[in-house]
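Trainee:
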Amino acid sequence: CTVRHYKFNVAMKNTTRLCASKSIVTVNGRFPGPTLYAREDDNVLIKVVNNVKYNVSIHWHGIRQLRTGWADGPAYITQCPIQPGQSYVYNFTVTGQRGTLLWHAHILWLRATVHGALVILPKRGVPYPFPKPDHESIVVLAEWWKSDTENVINEAVKSGLAPNVSDAHTINGHPGPVPNSCPSQGGYNLSVESGKSYMLRIINAALNEELFFKIAGHKMIVVEVDATYVKPFKTDTIVIAPGQTTNVLVKANQGSGRYMIGASPFMDAPIAVDNTTAIATLHYSSGKLDSTQTTLLTKPPSQNATAVANKFTNSLRSLNSKKYPAMVPLTVDRSLFFTVGLGINSCPTCKAANGSRIVASVNNVTFVMPTTALLQAHYFNMKGIYTTDFPGNPQSPFNYTGTPPTNLATTSGTKVLRLSYNATVQVVLQDTGIIAPENHPIHLHGFNFFAVGKGFGNFNPSTDTKKFNLVDPVERNTIGVPSGGWVAIRFRADNPGVWFMHCHLEVHTTWGLKMAFLVDNGKGPNESIIPPPKDLPKC
Ligand code: C2O
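Mapping of the sequence shown onto mature numbering (1 follows the signal peptide of the UniProt record, and there is no 0): residues -1, 1 to 538, in sequence order.
Below is the structure:
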């Protein structure tokens, strides 16, 4: 197999956006960070050197990490963070995956600026299951705050209130020609040649916002999400949650001109109004260039265009071909029901929020980050770091999408849910509307899952289960739990270790919308966690 070596130098860099400079945490001085390329079956080694004052860890979002949880990256879950001045080599093999993923910092809010594309090419000689595009481009969507993002979240946590929304969205690092941006700072420009076809590898690396993505005058054919192939379908709008990736084919069939590319927020129960659209341009380079030609505008969907988002997500199906079959578990060994949502707890010091603070929970448990990594505690049999009593069902059921109960308090703890090796697992994720219903993009580490069902209102096991798609449901690693609704996912617990599951809206993770699965070792020769590398950071 091929071994690929990368070096990620985490260092501060002065960066100007929206006409103002600030010092941001970067990898190799770049925002977004460098693209990591690998091929299916490659062994990838990334040496991460921490040259900033923060603790750092990096997650390879969507990489299965079969038996190599030590390389997964979430701080205090699979590793202690890399301390200032220290380094750590992430070492993993890409198994059974190809497509677009992302990497990002997995501690505090560093992900705001520490992220980049992760491209897994198919094995040499293996074609895409769709016509080969003439060119490929990476499109990283993110957010930009004028102030320091660590201050934004620290102040919010202190006050008990929600943090400020970002000042702009970005496409490949730039907001584009939006109000308040510097005229001299153009946006991202995708040059195309008439008649050629393009594949865009679109990544949502934003902290807190789901996004719509549109190109004026051009349709997109969706061919892959979260590094799994899907049945191709045509659309003029995609919706993409933080942590999700989408590959689309675009035909440059308009001959000439400039066309606006827009990324705008999707929030189906908007708590905060956010109208900032990031703008890039698709630009025909061949033929005569008319500099007076204006960009053809595309009107972004409204912030709460739930119907547009649903139409898109309901169109996603696994390719389920002979070569890429959908391996949906048809029977279920462990059936779990998790409520996900926001709540309010008392906080005597939170004066701004009248002595309360916003919390978030799974099955009413607000996860408390341990001070030692769970995987290390598990592997070395350290006692007292976590308990294994995470509830498989709500502790006190209520009408999740109806009137909220009067007692809103959550319990807190570092609880994990234990799964036996190779068990087939179903999790119904039910949104709750205690403060307000909201779409939660839930990400599971260590696995891909199949989204077998989805609906609005409360999940009803007797009627909804019958409607599950067990033939070609979309396979992914991050799924939106619809606002005031539910999704059902299935996966096989074939990866021993400790695996984080959380809302990929970073603010919700901060508030506690997270939990972890502990998957036991199997009995076979290749069914145990491998020993940790020597340079594994200590807490
Ligand atoms: Cu992309 Cu745990 O995150």
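From the three backbone atoms N, C-alpha and C, an ideal C-beta is built for every residue, glycine too.
Is histidine 134 close to the ligand C2O? I mean its beta-carbon at under 8 Å from any heavy atom of the ligand.
Mentor: No, the Cβ of histidine 134 stays beyond 8 Å of every heavy atom of the ligand C2O.
Trainee: Measuring straight from C-alpha to C-alpha, what distance separates proline 176 and alanine 304?
Mentor: Spanning the two alpha carbons is a distance of roughly 24 Å.
Trainee: How is tryptophan 510 classed by DSSP in three states: helix, strand or coil?
Mentor: Three-state DSSP puts tryptophan 510 in a helix.
Trainee: For the alpha helix (DSSP H) holding aspartate 463, just list the boundary residues, first then last.
Mentor: Its alpha helix (DSSP H) spans residues 460 to 463.
Trainee: For the ligand C2O, which residues have a Cβ under 6 Å from at least one heavy atom, in chain order?
Mentor: Taken from the N-terminal end onward, the list reads His58, His60, Pro73, His103, His105, Gly242, His442, His444, Phe499, His501, His503.
Trainee: Terminal residues of the continuous beta strand (DSSP E) containing asparagine 42?
Mentor: That run of the beta strand (DSSP E) goes 42 to 49.
Trainee: Nearest to phenylalanine 232 by alpha carbon, out of Ala226, Thr245, Pro241?
Mentor: Residue Thr245 is the option with its Cα nearest to phenylalanine 232.
Trainee: Just the Cα atoms here: how many angstroms apart are proline 532 and methionine 368?
Mentor: Rounded to whole angstroms, proline 532 to methionine 368 spans 23 Å at the Cα level.
Trainee: Are the Cβ atoms of proline 174 and alanine 277 separated by less than 9 Å?
Mentor: Cβ atoms of proline 174 and alanine 277: closer than 9 Å.
Trainee: Within a Cβ cutoff of 8 Å, which residues of the same chain sit near lysine 122, ignoring the five residues on either side of it in sequence?
Mentor: Arg38, Glu39, Asp40, Arg97.
Trainee: Going by CA-CA distance only, name the one from Leu374, Ser345, His444, Phe458 that's closest to threonine 400.
Mentor: When only C-alpha atoms are compared, the closest one is Phe458.
Trainee: What ranges does the beta strand (DSSP E) occupy inside the segment 330 to 383, keeping only unbroken runs of at least 3 residues that lie completely in it?
Mentor: Segments of the beta strand (DSSP E) lying fully in the segment 330 to 383: 333 to 345, 355 to 361, 364 to 366.
Trainee: Can you confirm whether the segment 381 to 398 touches the segment 343 to 350 when touching is taken to mean that 3 or more C-beta pairs between the two stretches lie within less than 8 Å?
Mentor: Taking 8 Å as the limit for Cβ pairs, the verdict is that the segment 381 to 398 does not touch the segment 343 to 350.
Trainee: In terms of residue numbering, what span does the beta strand (DSSP E) encompassing isoleucine 478 cover?
Mentor: Run containing isoleucine 478: 477 to 480, per the beta strand (DSSP E) assignment.
Trainee: Among the residues of its own chain, which have a CB less than 6 Å from the CB of threonine 227, if the five just before and after it don't count?
Mentor: Answer for threonine 227: Glu474, listed in chain order.
Trainee: Beta strand (DSSP E) containing lysine 157: first to last residue?
Mentor: Note, lysine 157: premise wrong, no beta strand (DSSP E); alpha helix (DSSP H) at 148 to 158.
Trainee: Consult DSSP for valine 307 and reduce its assignment to one of helix, strand or coil.
Mentor: Correct three-state label for valine 307: helix.
Trainee: Excluding the five sequence neighbours on either side, which residues of its own chain have a C-beta within less than 6 Å of the C-beta of lysine 6, listed in chain order?
Mentor: Excluding sequence neighbours, lysine 6 sits near Lys46.
Trainee: Going by the CB atoms, is the gap between isoleucine 137 and valine 118 shorter than 9 Å?
Mentor: Yes; because the gap between Cβ atoms is below 9 Å, this pair is in contact.
Trainee: Select from Gly483, Pro33, Cys79, Val125 the residue whose C-alpha is nearest the C-alpha of asparagine 54.
Mentor: The shortest Cα separation from asparagine 54 among Gly483, Pro33, Cys79, Val125 belongs to Cys79.
Trainee: Work out the CA separation of glycine 159 and leucine 315 for me, nearest whole Å.
Mentor: If you take the alpha carbons of leucine 315 and glycine 159, they lie about 38 Å apart.
Trainee: For glutamine 429, report the span of its beta strand (DSSP E) as first-last.
Mentor: Glutamine 429 -> beta strand (DSSP E) spans 423 to 430.
Trainee: Have a look at threonine 462 and glycine 454 and give me their C-alpha separation to the nearest angstrom.
Mentor: Distance between the alpha carbons of threonine 462 and glycine 454 is about 11 Å.
Trainee: If you follow the beta strand (DSSP E) that isoleucine 220 is part of, which residue opens it and which one closes it?
Mentor: It spans 219 to 224 - the beta strand (DSSP E) in which isoleucine 220 sits, taken as one unbroken run.
Trainee: Only counting the same chain, and skipping five residues up and downstream in sequence, which positions put a Cβ closer than 7 Å to that of tyrosine 323?
Mentor: Excluding sequence neighbours, tyrosine 323 sits near Pro128, Tyr228.
Trainee: Grab the span of the beta strand (DSSP E) containing valine 249 for me, first residue to last.
Mentor: That run of the beta strand (DSSP E) goes 244 to 250.
Trainee: Can you give me the C-alpha to C-alpha distance between glycine 216 and phenylalanine 467, rounded to a whole angstrom?
Mentor: Approximately 36 Å, taken between the alpha carbons.
Trainee: Terminal residues of the continuous beta strand (DSSP E) containing phenylalanine 446?
Mentor: Premise fails: phenylalanine 446 is in no beta strand (DSSP E) and is neither H nor E.
Trainee: Helix, strand or coil, according to DSSP, for threonine 413 in the structure here?
Mentor: Of the three classes helix, strand and coil, the one that applies to threonine 413 here is coil, per DSSP.
Trainee: Tell me the DSSP secondary structure of threonine 94 in three-state form.
Mentor: Note: threonine 94 maps to coil in three-state DSSP.
Trainee: Going by beta-carbon coordinates alone, are isoleucine 366 and threonine 431 separated by less than 9 Å?
Mentor: First, the residue type needs correcting, since residue 366 is phenylalanine and not isoleucine in the sequence shown. Against a cut-off of 9 Å, the Cβ pair of threonine 431 and phenylalanine 366 comes out as no contact.
Trainee: Can at least three beta-carbon pairs, one atom from the segment 478 to 495 and one from the segment 318 to 332, be found at a separation below 8 Å?
Mentor: Contact holds: three or more Cβ-Cβ distances are below 8 Å.
Trainee: To the nearest angstrom, report how far apart glycine 391 and valine 470 are at their CA atoms.
Mentor: Cα-Cα distance, rounded: 26 Å.
Trainee: Report the rounded CA-to-CA distance for proline 299 versus alanine 262, giving the unit in angstroms.
Mentor: Roughly 8 Å between the two C-alpha positions.
Trainee: Would a C-beta distance cut-off of 9 Å place leucine 341 and isoleucine 434 closer than the cut-off?
Mentor: Yes, these two residues count as a Cβ contact at 9 Å.
Trainee: So for threonine 169, helix, strand or coil by DSSP?
Mentor: Residue state, collapsed to three classes: strand.
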